[in-house]
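**Student:** Sending over a structure as structure tokens; questions will come in a sec.
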Amino acid sequence: MSAVGERALDPATSEPRKRKGSLCDISGQSVEKRRRELECRYIDELAELLSANMGDIASLNVQPDKCHILKSTVDQIQQIKRREQDHTNASHRVAAAESVSNITRGQGAEE
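For the record, in the sequence shown the residue sitting at position 66 is 177 according to my numbering, with numbers rising by one throughout.
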């Protein structure tokens with residue numbers, strides 16, 4: 112009487128019958144649990160790396176939440192990228208100035 116995809120009704124309660132924990136459900140739960148454990152472990156590692164660079168995290172009496180740890184990590188990575196970009200730009204400016212200086216010296220020697 113029930114169509115494919117519909118839950119069968121329990122005649123005693125007129126509510127959908129729920130399947131008891133199947134192997135698929137248990138397997139899915141353990142996979143999800145492992146994923147959450149790994150996620151927590153990686154966030155803990157990030158917190159340790161951050162605490163080495165940020166005294167305020169180490170001085171907190173409570174452990175920072177995951178969102179704060181991830182935000183601080185993103186901020187630090189962005190800061191590193193900006194420093195690298197500034198260094199690259201400075202190197203290009205120095206190289207350009209040296210080229211102009213060499214060209215100017217070369218023109219002065221010809222005259």
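Don't be surprised by glycine CBs; every beta carbon is placed ideally from N, CA and C.
All values reported here derive from a predicted model rather than from experimental measurement.
Roughly how many whole angstroms lie between the Cα atoms of residue 163 and residue 216?
**Tutor:** The alpha-carbon atoms of residue 163 and residue 216 are separated by roughly 49 angstroms.
**Student:** How close, in whole Å, do the beta carbons of residue 154 and residue 180 come, if the pair is a contact with beta carbons under 8 angstroms?
**Tutor:** The pair is a contact, with the Cβ atoms about 5 angstroms apart (cut-off 8 angstroms).
**Student:** Using beta-carbon positions only, say whether residue 160 and residue 183 come within less than 7 angstroms of one another.
**Tutor:** The answer is no: Cβ separation not under 7 angstroms.
**Student:** Quick one: what does DSSP say residue 197 is sitting in, helix, strand or coil?
**Tutor:** Reduced to three states, the DSSP call for residue 197 is helix.
**Student:** Closest to residue 185 by C-alpha separation, out of 139, 157 and 149, would be which residue?
**Tutor:** Answer by Cα proximity: 157.
**Student:** Could you give the distance in angstroms between the alpha-carbon of residue 204 and the alpha-carbon of residue 177?
**Tutor:** Distance between the alpha carbons of residue 204 and residue 177 is about 41 angstroms.
**Student:** For residue 176, name the three-state secondary structure that DSSP assigns.
**Tutor:** If DSSP states are grouped into helix, strand and coil, residue 176 belongs with coil.
**Student:** Leaving out five residues on either side along the sequence, give the residues of the same chain with a beta carbon under 8 angstroms from the beta carbon of residue 188.
**Tutor:** Excluding positions up to five away in sequence, the list is empty.
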